[in-house]
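Residue numbers (UniProt numbering), protein chains in the order written: chain Y, 1 to 295; chain B, 1 to 295. Report on the following structure.
There are 2 protein chains.
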Amino acid sequence: MTFEQWMRGTLDRVETALEHYLPGTNVAPARLHEAMRYAVLGGGKRVRPLLCHAAGELTNTGASAVEAASCALEMMHVYSLVHDDMPCMDDDALRRGKPTVHIQYDDATALLVGDALQSQAFVALTADGNGLKDAQQAALTRELALASGSVGMAGGQAIDLESVGRKLSRPELETMHRNKTGALLRAAVRMGALAGDKPSADNLAALDQYAAAVGLAFQVVDDILDVTADSARLGKTAGKDAQNDKPTYVSIIGLEASRELAVQLGRDAHAALAPFGARGQRLAELADLIVNQVN
Amino acid sequence: MTFEQWMRGTLDRVETALEHYLPGTNVAPARLHEAMRYAVLGGGKRVRPLLCHAAGELTNTGASAVEAASCALEMMHVYSLVHDDMPCMDDDALRRGKPTVHIQYDDATALLVGDALQSQAFVALTADGNGLKDAQQAALTRELALASGSVGMAGGQAIDLESVGRKLSRPELETMHRNKTGALLRAAVRMGALAGDKPSADNLAALDQYAAAVGLAFQVVDDILDVTADSARLGKTAGKDAQNDKPTYVSIIGLEASRELAVQLGRDAHAALAPFGARGQRLAELADLIVNQVN
Numbered sequence: 001m002t003f004e005q006w007m008r009g010t011l012d013r014v015e016t017a018l019e020h021y022l023p024g025t026n027v028a029p030a031r032l033h034e035a036m037r038y039a040v041l042g043g044g045k046r047v048r049p050l051l052c053h054a055a056g057e058l059t060n061t062g063a064s065a066v067e068a069a070s071c072a073l074e075m076m077h078v079y080s081l082v083h084d085d086m087p088c089m090d091d092d093a094l095r096r097g098k099p100t101v102h103i104q105y106d107d108a109t110a111l112l113v114g115d116a117l118q119s120q121a122f123v124a125l126t127a128d129g130n131g132l133k134d135a136q137q138a139a140l141t142r143e144l145a146l147a148s149g150s151v152g153m154a155g156g157q158a159i160d161l162e163s164v165g166r167k168l169s170r171p172e173l174e175t176m177h178r179n180k181t182g183a184l185l186r187a188a189v190r191m192g193a194l195a196g197d198k199p200s201a202d203n204l205a206a207l208d209q210y211a212a213a214v215g216l217a218f219q220v221v222d223d224i225l226d227v228t229a230d231s232a233r234l235g236k237t238a239g240k241d242a243q244n245d246k247p248t249y250v251s252i253i254g255l256e257a258s259r260e261l262a263v264q265l266g267r268d269a270h271a272a273l274a275p276f277g278a279r280g281q282r283l284a285e286l287a288d289l290i291v292n293q294v295n
Numbered sequence: 001m002t003f004e005q006w007m008r009g010t011l012d013r014v015e016t017a018l019e020h021y022l023p024g025t026n027v028a029p030a031r032l033h034e035a036m037r038y039a040v041l042g043g044g045k046r047v048r049p050l051l052c053h054a055a056g057e058l059t060n061t062g063a064s065a066v067e068a069a070s071c072a073l074e075m076m077h078v079y080s081l082v083h084d085d086m087p088c089m090d091d092d093a094l095r096r097g098k099p100t101v102h103i104q105y106d107d108a109t110a111l112l113v114g115d116a117l118q119s120q121a122f123v124a125l126t127a128d129g130n131g132l133k134d135a136q137q138a139a140l141t142r143e144l145a146l147a148s149g150s151v152g153m154a155g156g157q158a159i160d161l162e163s164v165g166r167k168l169s170r171p172e173l174e175t176m177h178r179n180k181t182g183a184l185l186r187a188a189v190r191m192g193a194l195a196g197d198k199p200s201a202d203n204l205a206a207l208d209q210y211a212a213a214v215g216l217a218f219q220v221v222d223d224i225l226d227v228t229a230d231s232a233r234l235g236k237t238a239g240k241d242a243q244n245d246k247p248t249y250v251s252i253i254g255l256e257a258s259r260e261l262a263v264q265l266g267r268d269a270h271a272a273l274a275p276f277g278a279r280g281q282r283l284a285e286l287a288d289l290i291v292n293q294v295n
């Protein structure tokens, strides 16, 4: 199977699983469920589900187990986007090429959509018959909760807020991103592996190294695209970072050095996968996909 | 042990456990952790932790297991208060006798405090060494996630928003409250029982009946107090329901009928506890405590 075929098949399965794990609009409260589906379905690159599926290839995961984990990750990610776009945060009107939830609905609905998507992520992880054993449900909940909370994604968002208009050093910038986006990307990789045969501590450590490189590359690429791509390509408002005076890799080390850094991080990601041999192929290809966006 | 002694001892343990399960202000991001602690510690009646502990008496729960469950419930409850108080929701300035989080800090911080408290609830439920077995961690996560999400608390909030200024029937009002507050109170009772020896389906059904009566009584009492008590006693702004033109039991069936309903629901709660004999004592006493606030 080529990478493109694997991607297409995986994305189809993820979309079907998201459909399944999101309450239908025939379930009350209908408007809230409609807004949750508006936020999650029909858009997004599904980077976390792809990483989760790719890591799942290392440990013989069952299809439904890795799908439940993927859906939980994507719901968690989308909740963070919905809340980040709200007026009291980044105040953004465009996301994944569509009006943001608070624009399409209203602020209160956007707040509740995010809140309910976070809960729904844990519903998916612990749903009866989702293919995950009790111990896996508990372990994946632990991974996802830590990655999403105050020492992960939400914490990174808090650091981000405090950094607006302030000059960050490069280590400070990395700390922020390690929390804000890195923690959930790392969780995606770990959860994929943990959804199958129990991985060794060494293998989890190797995956952490891979995820650290990919997570940072992801952010560097995002910073580059914010200045080089237009809103139509991004599906969100371009140039927001400079406009909001947010520190980025481009503002701190410049565009060319940022490009070189992304390439180096891609190499680091490949190196971390050495213990897995051919089984690490999809993870390696995903690292390339992320880095190659800016080359 | 008298009920008062049991209450005092339980509340002390809950407070200590919350201290333990909330990240310290020495952990980055310090300001977010300070705000989370501001929201959770030093206030609140801790109704859900008390119900959880009382139900735990039925199934020989270990102390740390029921404490972890109680903390998760209280964090989930407090996150909902923090978000509900925000300007785009109820826009309230006073909670538990203190300025609300968005007043004390800012809107963005209040948003993140709520988001991170929800995650932290699941961290507590799945923390290593919290006294809950894998299967219990998974089961309690399932209970809490369903009770908090779009078919529970967040869903009830969405129905509440849509009902402002609209005339609700009594069944509609009950549906709203069964989601908005009832679901989490029910989860408190069930999680307490599930944190110990596996309860029978019959016993869980009896607990559901108890929780349904107590949950409704809780809301009826809240509606009565909103018109009969002052802000100092409530620790939150009194008279808000009428001011916001929100449907309440008092507005639909009147004050006297509301008082009678609360008393009847207290009797229903007692009746549901029959299968448990003397072990149901604390749950019975808690039902009385809730109902007696208005008598």
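Built from N, CA and C at the ideal position, the CB exists for glycine as well. None of the values given here were measured: they were computed from a predicted structure.
Evaluate contact between the segment 209 to 221 of chain B and the segment 180 to 187 of chain B, counting only Cβ atoms and requiring at least three cross-stretch pairs below 8 Å.
yes
Quick one: give me the first and last residue of the alpha helix (DSSP H) that Leu112/B is part of.
107 to 125
Is the segment 150 to 163 of chain Y touching the segment 139 to 154 of chain B, taking contact as three or more C-beta pairs under 8 Å?
With a cut-off of 8 Å, the segment 139 to 154 of chain B and the segment 150 to 163 of chain Y do not count as touching, because too few Cβ pairs lie within range.
Specify the secondary structure class of Pro23/B as computed by DSSP and reduced to three states.
coil
Excluding five sequence neighbours on each side, which residues of the same chain lie with their C-beta closer than 8 Å to the C-beta of Leu255/Y?
Answer for Leu255/Y: Ile224, Val227, Thr228, listed in chain order.
Give a yes or no on whether the C-beta atoms belonging to Leu117/Y and Met36/Y are separated by under 7 Å.
yes
Taking the DSSP output, what are the residues bridged to Arg95/Y?
Beta-bridge pairing links Arg95/Y to Lys98/Y.
Between the alpha carbons of Ser163/Y and Leu132/Y, how many angstroms are there, rounded?
40 Å
Determine the closest residue to Glu34/B out of Ala55/B, Ala110/B, Cys71/B, with distance taken between C-alpha atoms.
Among Ala55/B, Ala110/B, Cys71/B, the Cα nearest to that of Glu34/B is on Ala110/B.
Find the residues of chain B that neighbour Asp134/Y, judging by a C-beta separation of less than 7 Å, and give them in chain order.
Asp134, Ala135, Ala138
Which same chain residues end up closer than 8 Å to Cys52/Y when comparing Cβ atoms and leaving out the 5 residues on each side of it in sequence?
Val66, Ala69, Ser70, Leu73, Ala188, Val189, Met191, Gly192, Ala195
Would you verify that the beta carbon of Arg142/Y is, or is not, closer than 7 Å to some beta carbon of chain B?
Judged by the 7 Å Cβ criterion, Arg142/Y is in contact with chain B.
Mapping the DSSP letters down to three states, classify Asn244/B as helix, strand or coil.
coil
What would DSSP say about Glu143/Y, mapped onto helix, strand or coil?
helix
Rank Phe3/Y, Ala121/Y, Arg13/Y, Arg95/Y by C-alpha distance to the C-alpha of Lys240/Y and give the top, closest one.
Arg95/Y
May I ask you to list, following chain order, the residues of the segment 27 to 42 of chain B that have a beta carbon less than 8 Å from some beta carbon of chain Y?
Val27, Ala28, Pro29, Arg31, Leu32, His33, Met36
Tell me which residues share the same chain as residue 310/B and place their Cβ nearer than 6 Å to its Cβ, disregarding the 5 neighbours each side in the sequence.
With chain B covering only 1 through 295, there is no way to say anything about residue 310/B.
Closest to Asp90/Y by C-alpha separation, out of Ala274/Y, Thr237/Y, Glu260/Y, would be which residue?
Thr237/Y
List, in order along the chain, the chain Y residues whose C-beta lies closer than 8 Å to that of Ile103/B?
Correct list: empty, because the minimum Cβ distance to chain Y is about 13 Å.
Relative to the alpha-carbon of His270/Y, which residue among Leu50/Y, Asp128/Y, Glu285/Y has its alpha-carbon at the smallest distance?
Glu285/Y
Enumerate in chain order the residues of its own chain whose CB-to-CB distance from Ala211/Y is below 7 Å, with the five nearest sequence positions on each side excluded.
Leu185, Arg186, Val189
Just by C-beta distance, which residues in the segment 97 to 130 of chain B are closer than 9 Å to chain Y?
His102, Asp106, Asp107, Ala108, Thr109, Ala110, Leu111, Leu112, Val113, Gly114, Asp115, Ala116, Leu117, Gln118, Ser119, Gln120, Ala121, Phe122, Val123, Ala124, Leu125, Thr126, Ala127, Asp128
Measure the Cβ-Cβ separation of Val82/Y and Val101/Y and say whether it is below 7 Å.
yes
Determine, using beta carbons only, whether Pro247/Y and Leu161/Y come nearer to each other than 7 Å.
Cβ distance not < 7 Å, so Pro247/Y and Leu161/Y don't count as in contact.
What does Met86/B reach in chain Y if we use C-beta pairs closer than 9 Å?
Cys88, Asp107, Ala108, Leu111
Per DSSP, what kind of secondary structure is Glu57/Y in: helix, strand or coil?
coil
Mind checking which residues open and close the alpha helix (DSSP H) that includes Thr175/B?
Segment 170 to 177, the alpha helix (DSSP H) holding Thr175/B.
Under 7 Å Cβ-Cβ, which residues of chain Y neighbour His83/B?
Leu111, Asp115
Using only the alpha-carbon positions, how far apart do Leu207/Y and Ala278/B sit?
53 Å
Could you tell me which chain B residues have their CB closer than 7 Å to the CB of Pro23/Y, listed as they occur along the chain?
Among the residues of chain B, those whose CB is under 7 Å from the CB of Pro23/Y are Ser150, Val151, following chain order.
Express the C-alpha separation of Asp268/Y and Ser251/Y in angstroms, rounding to a whole number.
23 Å
Quick check: what's the CA-CA separation for Leu22/Y versus Gln120/Y?
Roughly 8 Å separates the two Cα atoms.
Alpha carbon to alpha carbon, what distance is there between Leu168/Y and Ala39/B?
29 Å
Which value, in whole angstroms, describes the spacing of the CA atoms of Gly129/B and Tyr249/Y?
40 Å
Alpha carbon to alpha carbon, how far is Thr175/B from Leu146/B?
Whole-angstrom Cα-Cα distance: 16 Å.
Could you please tell me which residues of the segment 149 to 182 of chain B, in chain order, have their CB closer than 9 Å to any CB of chain Y?
Gly149, Ser150, Val151, Gly152, Met153, Ala154, Gly155, Gly156, Gln157, Ala158, Ile159, Leu161, Glu162, Thr175, Asn179
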